[in-house]
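J.:
In mature numbering (1 follows the signal peptide of the UniProt record, and there is no 0), the protein residues as written are -22 to -1, 1 to 262.
1. Does the region 230 to 237 touch the region 49 to 58, meaning 3 or more C-beta pairs lie closer than 8 Å?
2. Under 8 Å, do residue 128 and residue 105 count as touching if we go by C-beta distance?
3. By DSSP, does residue 44 sit in helix, in strand, or in coil?
4. Which residues in the same chain as residue 215 place their Cβ atom closer than 7 Å to its Cβ, once the five residues preceding and following it in sequence are excluded?
5. Quick check on residue 199: buried or exposed, where buried means 16 or more other Cβ atoms within 10 Å of its Cβ?
6. For the region 85 to 93 against the region 132 to 151, are there 3 or more C-beta pairs whose distance is under 8 Å?
7. How do the region 124 to 140 and the region 188 to 198 stand: do at least 3 beta-carbon pairs fall below 8 Å, yes or no?
8. Measure the C-alpha to C-alpha separation of residue 79 and residue 257 and round it to an integer number of angstroms.
9. So if DSSP puts residue 226 in a beta bridge, which residue, or which two residues, is it bridged to?
10. How about residue 244 and residue 201: do their beta carbons lie closer than 8 Å?
11. Just to confirm my understanding: we take residue 108, look at its own chain, exclude 5 residues before and 5 after, and list those with CB closer than 8 Å. What are they?
12. Please go through the region 3 to 77 and give each complete beta strand (DSSP E) segment of 3 or more residues, from N-terminal end onward.
13. Which same chain residues, not among the five before or five after residue 224, have their C-beta less than 6 Å away from its C-beta?
14. May I ask you to list the residues that DSSP assigns as paired with residue 175?
15. In the region 228 to 261, which residue ranges form an unbroken beta strand (DSSP E) of at least 3 residues, counting only runs that do not cross its ends?
16. Output the distance between the C-alpha atoms of residue -22 and residue 11, rounded to the nearest integer angstrom.
17. Please go through the same chain and pick out, in chain order, the residues whose beta-carbon is closer than 6 Å to the beta-carbon of residue 254, but skip the five residues on each side of it.
18. Give the DSSP-derived three-state secondary structure of residue 1 in the structure shown.
19. Report, in whole angstroms, the separation of the C-beta atoms of residue 126 and residue 174, which I expect to be a contact under 8 Å.
20. Using three-state DSSP, classify residue 120 as helix, strand or coil.
21. How far does the alpha helix (DSSP H) with residue 160 in it extend, from its first residue to its last?
22. Quick check: what's the CA-CA separation for residue 263 versus residue 261?
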């Protein structure tokens, strides 16, 4: 009971102080009191899913992988080269769970966002991506995943020599507070799409989040303010938006494969995976 009351209080506080529009008290309560279905809980990785009849004015289907980077679990960023599905990538690296990564060229399958491996620059962020949406990055060095702000000046001055860094965005939450999205493309921010997010919590948990969309009657997708609000209500501290749309894919070994409903095949099933350029994964 005390836990539920805390969630409700957090939901009201998020709504009161977030500055985000198009969210209601009913949305906050629905998130805070949702009876999530646990699809699997094995090897320190828990997979949850919830189908909301109405959230942010539309049906929503949301899948979450939750873990801690303890007990030998580690996090990495896989670069697929010529393009692979998240499932194929996860199988090739022996992942416990995986989610699609950042934006990429769909013909050449190179990242259009900064990608650095142990200090070596693989790709740089294209100028149009910086003006459109790239305001953050993730840094994975095995035992930690850090979410940080990113811009052209940061990219030019970065001298890290360890870990894999991948830019993306927009940054959604920083220290539990919603980030300013006004510098990003307004259409990209406001339009409902399938969305992928990576988030960390104050208690050390790492979350991979997949918001399904483009499936009338099942999943309406979310705008970025809605996604930021959702992540804040469930208790995330830092969060970043990754590539979404047809790329949004969440995979878990204990569930036997894809958990969410990728939309590239225009069906609400688990078969619509798109080939992507990179993926973030947890392994042991």
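For each residue, glycine too, the CB sits at the ideal point set by N, CA and C. Quick caveat: nothing in here was measured; it's all calculated off a predicted structure.
T.: Let me spell this out:
1. no
2. no
3. strand
4. 151, 153, 154, 178, 179, 180
5. buried
6. yes
7. no
8. 4 Å
9. In DSSP, residue 226 forms no bridge with anything.
10. no
11. 129, 130
12. 15 to 20, 23 to 33, 36 to 46, 52 to 62
13. 241, 242, 252
14. 187, 219
15. 228 to 230, 254 to 261
16. Residue placement at residue -22 is poorly supported in this model, since its pLDDT is 44, which falls under 50; the coordinates still yield a value, given next. If you take the alpha carbons of residue -22 and residue 11, they lie about 11 Å apart.
17. 78, 225
18. coil
19. Contact doesn't hold; Cβ gap of about 18 Å is too wide.
20. strand
21. Residue 160 -> no alpha helix (DSSP H), and no H or E assigned at all.
22. The requested residue 263 is not part of the displayed model; the chain covers only -22 to 262.
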